[in-house]
Structures are given as structure tokens and as C-alpha cells.
Amino acid sequence: MGTTNITQNSKFKTQNSFGWEGGDPFFRRLALSLATSVIVVVLAMLVNMGWESRASLARFGLGFLTGQVWDPVHVIFGALPFIYGTLVTSLIALLLAGFVGVGAAIFLAELAPGWVRTPLSFLIELLAAIPSVVYGVWGIFVLGPFLKVAVVPGLKATLGWTPFFSGVFYGPSLFTASVVLAVMVLPIVTAVSRDVLLAVPESQREAMIGIGGTRWEVIRGAVLPYARGGILGALILGLGRALGETMAVTMLIGNRGQIKPSLFAFGDTLSSVLANQFAEADTPIYKGSLIELALILLVISLVVNAIARLLVWRAGRMQGAGRI
Amino acid sequence: MATTTVPVPRNLTRGPQTFQVRRVRSAIMIGLIWLAALVSVIPLLAVLGWVFFQGLPALNVDFFTQLPGPPDDPHQGVANGIVGTVELLALASLISVPIGVGAGIYIAEFGGSRYNTLLRFATDVLSGVPSITIGIFVYAVVVLPTSRFSLLAGGIALALVMLPILIRTTEEMLRLVPSAIREAALALGAPTWKTILRYALPAALPGIVTGALLAMARAAGETAPLLFTALGNNQWNTGLDQPVDALTLKVYFYAGQAYDVWRREAWAGAVVLTLMILITSILARVATRRRHGR
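Residue numbers (the numbering used here), protein chains in the order written: chain L, 102 to 425; chain P, 203 to 496.
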């Protein structure tokens, strides 16, 4: 914004009808310190959680990550059941939301007429605005019973012989939590993929139409390869959202820290165990172990989000260059 | 011939395929894409339909005016939670709006490109931090030192939720302000700070207000950051240093209970939260559209 010129200018004019001359350096420094506070908060979070979990870090070390037992009474703490629950629910959610979300994004970007595109985009984005706790209540009273009656019997009849769909389905389960997570992740995957697809230059499509491609061949052969990086980024952004989601999962997963192959079993995630147990943690080692879980969650989501941002950003830059 | 140099896509070269086969495959795939678009709307309809059919009948005047009661009390409500949510939002906005707008101004108007990249990255990181982690962080830095759950702690936690949204909107909206406005002010001899505060910022204000409203809507729907900071209670809150209730906390607590009276409170709470957030989102969308239309 040509800041340097301006500063010289106001130095030159010592008497100024606009008033105080020391304003610029002061204002700049004020804005700088406010902006820097964001970096400070992020770093403080990492450092503070590392410090608060020192008791558990010192006692369990790396074994904390692979420990399969979480037993506050006997002071044995292992994070593996929660890491397992977090990864399994998030990945299944991504699998479910990925196909639907990317499909809907292709529809919005390539097929939908203008008057459908805007309202449909808005409807899908509204899903992102609904509070997590509302999804939780909906999951308890609607989705769980619905899955039990309409979906689980079918899954059992066809895939019941595999360990993944065995056992009794009560309502709360890894499966139920995954389905709700899929709904919550869907708007992110759709919105970001749609933007990436819309940024694919027209010349790509025209070239494919020019050599006689069908509609699907244009999408498959010319549009999707171009947008691949950005769509991957969209999926990973969705993964990031799913990993940290707390309330809906806590209300629907059954809250039992165990590693069972069946998706119909109760489970627990890093975030749900925090929501459930943090208030009752009464010893430093118990509290420290829980804060270490929060630290693990924080680090995982930082890494996942950083990768996603990088992919989306690179896709945007590549396409920006392609447009010229 | 020149045709040999055209990179033929894989699925055109996979064996001899008649045009008929390719057309059928195209029709099937396009059909699947339509299906995906239809499926993506179902969850929203399912959630909204349930929230309104189950929740609206559970709403009554008591819900807004009475304090929580035991499960056998038919005249109870979550008035303290509604007031608590308003208090929390006010405090969170008080903290996050100046910081967020200031930071947005710095990124849009000052700052070297490298430091700006770092600032944007940190903003993105903060918006990706799981909300439960924010709650635990604030517990560690506010609740532990003051040794009490409080409105203050809850407000700070929600401020951290709002901050990244505010920074990003302020930056984007300031970038949309034509530089001619700044140049005109500067040419008349106005210092940079006055140019920004008096001329650039007011031009961007409608957009920033919209962003702030969306940030508040998002914060109003958050539960996880409040669990270990505001904590919740069943009375009117009396001060900054006292625990305070929130609508979301009440919904979370009541949804897991076996009593019908309390379940209905949870449903009614879900309706109020959803309505509030839907209305904010739609208003924000309409406001944005109108501005772009002009």
C-alpha cells in the first residue's frame, strides 16, 4: 500500500491538520503486536500442554502412545484405544463423506445450472453451521435408532461374517459416531472441492471435448486430474475437522476405551475421553495423562491441517498460473 | 499426422470401445454424480426436519423464563443458560473483536510478505485446533491459576474460537476496499493510521460486521470449550469470577438423561440453537449477496 512514501510525507509536513504525528509508528506497532498474539497463542498452547502433562510424559514416556490399558484406579495410562477410536471413526467418516462430497462437488461445478448451484451450495454449507451438540442430540434420538432398524440388519446379513460387523448393535458405537462425523465433514469436502474444480481452466475441458470425449470423459480425463491435488487437500481438511470433533462423538460412541475390530462395539476417541473424564481427574498423573491426550490430538490436527492447507494452496497457485 | 502428438487419455485407449459403450458409461457416471448431489442434501433435511418436528412442540414460555429444576418439576426452563450464553458471547466479542480486527488490519495493510504468510498460517492453525483442546488450554492458563471456573474463562475460550474467523474476514474485506480510497486520503495529507481507521475500515465495515456475526453464531454453538471453563450451573450467574451456564451445556447435559422433562428441554434447546444459527447464516448470506450485487 505504499506505506514508506506516506511515512516520509507525514514527516516532512510537521504541522498537519489531521493531528498527532507519532500516530503511524504507534498504530503499526499496535497492529503488529495484535497480529503476533495469534502466533503467541499457538506456541503457548503447545508449550503449556507439554508442561502440564510433564508428570505423565516423565512416567510413561513413549510407551504412553502404545499402552492399551487406561485404568485410573491402578494408575495405568495408555493412549492407544483413544488414538485407535479417533483414527477409525475419522477415516470411515472420510470414506463415506469423500465419495458423496466429491460427487456433489462435481455436480455443482460441472453439471448444475446456475440457478441450482447457488442454493444447493448454500444448503450443503448450512450443514457446517449446525452446532456439534445438536448433531449429538439428533444422533441419540434419530440416527442411532434409524441405523439399528434400517441399516445394521442389512449390513449384518451381507457382511456379518467379517469381524468388522459382528456383535450386538445397541445404538451408540464407532459406526454411529462415524456416520455423524461423515455428515459434519461433508460440507467442508464439498465446498473446497467445488472451489478447486471451478478453478480448472476452461481450456482443459474444451480440449477434451475437442477430441470427442463424452461428458464423463471430460470430467474424468481433463478436470479431475487437474484438480487432484486440491481435492486431496479438501479430503484432508475434512479429516482434520473429523479428528478434533468432540461433542457429537462423545454423545454417540459409547465411551469405552477398548480396541475391538467390530464397528458396532463401543469406543472412545481422544476428544471424547477428554470431555468425559477431565472433570473427574483428581490426581496430577491422571490429569497429566489427559492433557497429554489433548497434546497428541493437538499435534495430529496441526500436522493434518498444515498438509491440507499446503495442498489446497498449491492447487490454487498451480491453477492461477494455468489460467494465464 | 498431428493427431499422433495429442495425449490421448487413458480411458479412450483402453481397448477397442464403441461409442455406444462410452456413452453408456458416461450416462452411468453422470447418474452417480446426480445421486451424490441428492444424497448430500438428505442429512440437512433429516436434521432440520427432526429438530423442528420434535423440538418445536417442546418449546414453551417456561423454557425461556424459568430456572432449571428437578425432573419432576413441569415448570422449568433454561433461562440462566440463555442469559449465560449472551454474557459469554458479549465477553468473547469484547476480547476477540479488537484483537481480530487489529491483526486483520496488520495483515491486509502492513507486514512483509514472509511474516504475513506466517501470520496466515498461524491463523489457519488456530482455526484448526480442536475446540476441546482450546477448553483444556484455557483451563490450564485461566482456571488453574485463579482456582475457579468462571465466566471469564469461558469468554476467553470462546474468544479463541472467534479469533481466526475475525482475522480472516477483516483481512479479506480490507483487501476488497479500492486503493483509490486510501490514495485519496493520503494525498490530502492524512497519516496512514487515520487513512486506515477513518476511510478504509469504514468501507470494509459491513463485511466485517457480517463476519463477526458468523463468528458469534459459531461460538454460540460451541460446547466443548465451555465444559472445563464456564462449567455451567443451575442459578443466575453473579459475576465474572463465577461459573456460568450456557444453552449448549444444558442441551449436552439433558440429552443424556432418562427423564422425559429433561429430554424435552434438550430438544427445545436444539431448536433454539439451530434456529439462531440458521437465521444468522441466512442473513449473513443475504447481506453479502446484496453488497456484491451493488
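By construction, the Cβ of each residue, glycine as well, lies at the ideal position given by its N, Cα and C atoms.
These numbers were taken from a predicted model, which means no experiment stands behind them.
| query | result |
| --- | --- |
| I need the DSSP call for Asp172(L), collapsed to helix, strand or coil. | strand |
| Kindly indicate if chain P contains any beta-carbon less than 7 Å away from that of Ser294(L). | no |
| Relative to the C-alpha of Gly434(P), which candidate in Ser483(P), Gly283(P) and Phe312(P) has its C-alpha closest? | Gly283(P) |
| Taking Gly202(L) as the reference, give the member of Ala361(P), Val243(P), Thr482(P) and Gly337(P) with the closest Cα. | Val243(P) |
| Look at the alpha carbon of Ile307(P) and the alpha carbon of Asn318(P), and state the distance between them as a whole number of angstroms. | 11 Å |
| In chain P, what lies closer than 8 Å to Trp171(L) by C-beta? | Neighbours of Trp171(L) on chain P: none; closest Cβ ~17 Å, over 8 Å. |
| Going by DSSP in three states, Leu433(P) sits in which element: helix, strand or coil? | strand |
| So, for Gln444(P): in the same chain, excluding its five sequence neighbours on each side, which residues have a beta-carbon less than 7 Å away from its beta-carbon? | Ser352 and Leu353 |
| From which residue to which residue does the alpha helix (DSSP H) around Gly413(P) run? | Leu403 to Ala422 |
| Listed in chain order, which residues of the stretch 304 to 323 of chain L have Cβ atoms closer than 8 Å to some Cβ of chain P? | Met309, Ile312, Gly314, Thr315, Arg316, Trp317, Glu318, Ile320, Arg321, Gly322 and Ala323 |
| Give a yes or no on whether the C-beta atoms belonging to Ile332(L) and Val297(L) are separated by under 7 Å. | yes |
| Which residues does DSSP list as the beta-bridge partners of Val446(P)? | Leu433(P) |
| Check this for me: beta carbons of Arg377(P) and Thr397(P), under 7 Å apart or not? | no |
| Consider the Cβ of Ala76(L): report whether some Cβ of chain P lies at a distance smaller than 7 Å. | The structure shown does not extend to residue 76(L), since chain L is modelled only from 102 through 425, so no value can be given for it. |
| Counting only beta-carbon atoms, is Asp369(L) nearer than 7 Å to chain P? | no |
| In the DSSP assignment, find the alpha helix (DSSP H) that holds Phe223(L) and state where it starts and stops. | Gly215 to Ala230 |
| Under 8 Å by Cβ, that's how I've got Leu248(L) and Thr277(L) pegged, so tell me the actual separation to the nearest angstrom. | 6 Å |
| Could you please give the first and the last residue of the uninterrupted alpha helix (DSSP H) stretch that includes Asp264(P)? | Val263 to Thr267 |
| For Gly495(P) and Ala489(P), what's the separation of their Cα atoms in angstroms? | Bear in mind that the predicted position of Gly495(P) carries a pLDDT of just 47, short of 50, making it too unreliable to give a figure here. |
| Quick test of the definition: if touching needs 3 or more C-beta pairs under 8 Å, does the stretch 410 to 420 of chain P touch the stretch 137 to 154 of chain L? | no |
| Look at the alpha carbon of Val413(L) and the alpha carbon of Val142(L), and state the distance between them as a whole number of angstroms. | 25 Å |
| Does the stretch 332 to 344 of chain P come within contact of the stretch 393 to 410 of chain P, defined as at least 3 CB pairs closer than 8 Å? | no |
| Helix, strand or coil, according to DSSP, for Ile177(L) in the structure here? | strand |
| For Ile309(P) and Leu320(P), I'd like the C-alpha separation in whole angstroms. | 10 Å |
| Could you name the residues of the same chain whose beta carbon sits closer than 7 Å to that of Gly341(L), not counting the 5 residues immediately before and after it, in chain order? | Ser402, Val405, Asn406 and Ala409 |
| Output the distance between the C-alpha atoms of Ile337(L) and Ile193(L), rounded to the nearest integer angstrom. | 13 Å |
| Which of the three DSSP states, helix, strand or coil, is assigned to Val379(P)? | coil |
| Straight-line CA distance for Thr482(P) to Gly286(P)? | 19 Å |
| Any residues in the stretch 142 to 173 of chain L with a beta carbon nearer than 8 Å to a beta carbon of chain P? Which ones, in chain order? | Val142, Val143, Ala145, Met146, Asn149, Met150 and Glu153 |
| Are Thr325(P) and Ile297(P) close, meaning C-beta to C-beta below 7 Å? | no |
| List the whole-angstrom C-beta distance separating Glu303(L) from Met309(L), where the pair is believed to meet the contact cut-off of C-beta under 8 Å. | That belief does not hold up - the Cβ atoms of Glu303(L) and Met309(L) are roughly 11 Å apart, past 8 Å. |
| Could you tell me whether the stretch 364 to 375 of chain L touches the stretch 218 to 236 of chain L, where touching means 3 or more Cβ pairs closer than 8 Å? | no |
| In its own chain, which residues sit with a C-beta less than 6 Å from the C-beta of Pro273(P), not counting the 5 before and 5 after it? | Tyr461, Val463 and Trp464 |
| How long is the line joining the alpha carbons of Pro179(L) and Leu163(L), rounded to whole angstroms? | It is worth fixing the name first, because residue 179(L) is Gly in this sequence and not Pro. Cα to Cα, the separation comes out at about 10 Å. |
| Would you mind telling me which residues of chain P sit closer than 8 Å to Asp433(L), beta carbon to beta carbon, in chain order? | The question about residue 433(L) has no answer, for chain L in this structure spans 102 to 425. |
| For Gly261(L), name the three-state secondary structure that DSSP assigns. | coil |
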